[in-house]
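For the sequence shown, the working numbering begins at 9 and goes up steadily by one.
In what follows, a single structure is set out as structure tokens and then discussed.
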Amino acid sequence: MTHFRIAEAARLLGVSDDTVRRWTDGGALPVSTDASGRKVIAGADLAAFARAQAHATPDPSGVGRSARNRFVGLVTRVHSDEVMSQVEMQCGPHRVVSLMSTEAVEELGLEVGSLAVSIVKASQIIVETPGGMA
Numbered sequence: 009m010t011h012f013r014i015a016e017a018a019r020l021l022g023v024s025d026d027t028v029r030r031w032t033d034g035g036a037l038p039v040s041t042d043a044s045g046r047k048v049i050a051g052a053d054l055a056a057f058a059r060a061q062a063h064a065t066p067d068p069s070g071v072g073r074s075a076r077n078r079f080v081g082l083v084t085r086v087h088s089d090e091v092m093s094q095v096e097m098q099c100g101p102h103r104v105v106s107l108m109s110t111e112a113v114e115e116l117g118l119e120v121g122s123l124a125v126s127i128v129k130a131s132q133i134i135v136e137t138p139g140g141m142a
């Protein structure tokens, strides 16, 4: 089983080492000791904890839809020409870039600072592991 040191877990969760230590000390995140005596967190425990801690920003549109990959965020850049536009959004820690018609940008009123919901629907998803780890 994969294990992560405190600093690695903190980096993956987007928090400080001290925050992970508080979670482990408080029993919210199970911790064990590796052969070298360092505190480590089992990958499965870290994944379960990350999933439990993930709170999606509520979708303000009030529209029901089947797509599950929705990201609520702020428009951070709009680059348009006569026909097409590139719209960048910051959705939590994720940067989402969309190409759409300039007409759509104008109809939606998208400008820097606008609240928007990005819906990702892809037919293929590629998963990689760092350093060829399996």
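All C-beta atoms in this analysis are idealised placements derived from N, C-alpha and C, irrespective of residue type, glycine included.
Whole angstroms is fine: what's the gap from residue i's alpha carbon to residue j's?
i      : j      : result
Gly72  : Pro138 : 36 Å
Ala52  : Leu116 : 41 Å
Gln98  : Asp33  : 33 Å
Phe12  : Val104 : 28 Å
Ala112 : Lys47  : 52 Å
Asp25  : Arg59  : 19 Å
Ser88  : Val120 : 12 Å
Val28  : Ile133 : 30 Å
Ala36  : Leu20  : 17 Å
Leu82  : Pro38  : 35 Å
Arg61  : Ala50  : A quick correction: the sequence has Gln, not Arg, at residue 61. Approximately 16 Å between the Cα atoms of the pair.
Gln94  : Thr41  : 48 Å
Ala146 : Gly22  : Residue 146 is absent from the model: the chain starts at 9 and stops at 142.
Ala55  : Pro66  : 22 Å
Glu16  : Gly45  : 16 Å
Glu96  : Glu136 : 24 Å
Pick helix, strand or coil for residue i, following the three-state DSSP scheme.
i      : result
Thr27  : helix
Arg103 : strand
Asp56  : In the sequence on display, residue 56 carries Ala and not Asp. Reduced to three states, the DSSP call for Ala56 is helix.
Thr32  : helix
Arg19  : helix
Ile49  : strand
Can you tell which of the options has its C-alpha closest to the C-alpha of residue i?
i      : options                          : result
Ser109 : Val48, Leu118 and His102         : Leu118
Ser126 : Ser93, Met92, Asp89 and Arg76    : Arg76
Ser69  : Ala62, His63 and Val80           : Val80
Thr84  : Val23, Asp42, Leu123 and Ser40   : Leu123
Glu90  : Leu82, Asp67 and Glu114          : Glu114
Arg30  : Asp67, Pro66, Gly45 and Ile14    : Ile14
Phe57  : Ser106, Leu107, Val128 and Ala18 : Ala18
Please find out if some non-hydrogen atom of the ligand ZN comes closer than 7 Å to the beta-carbon of residue i.
i     : result
Val80 : In the structure shown, the ligand ZN is absent, as is every other ligand, since no ligand is present at all.
Is residue i close to chain E? Criterion is C-beta to C-beta, closer than 8 Å.
i     : result
Pro68 : Looking for chain E here will not work: only one protein chain is present.
- Task: Go through the region 68 to 131 residue by residue and report every complete run of the beta strand (DSSP E) that reaches 3 residues or more, in order.
- Result: Runs of the beta strand (DSSP E) spanning 3 or more residues and lying entirely within the region 68 to 131 occur at 78 to 88, 92 to 99, 102 to 109 and 123 to 127, in chain order.
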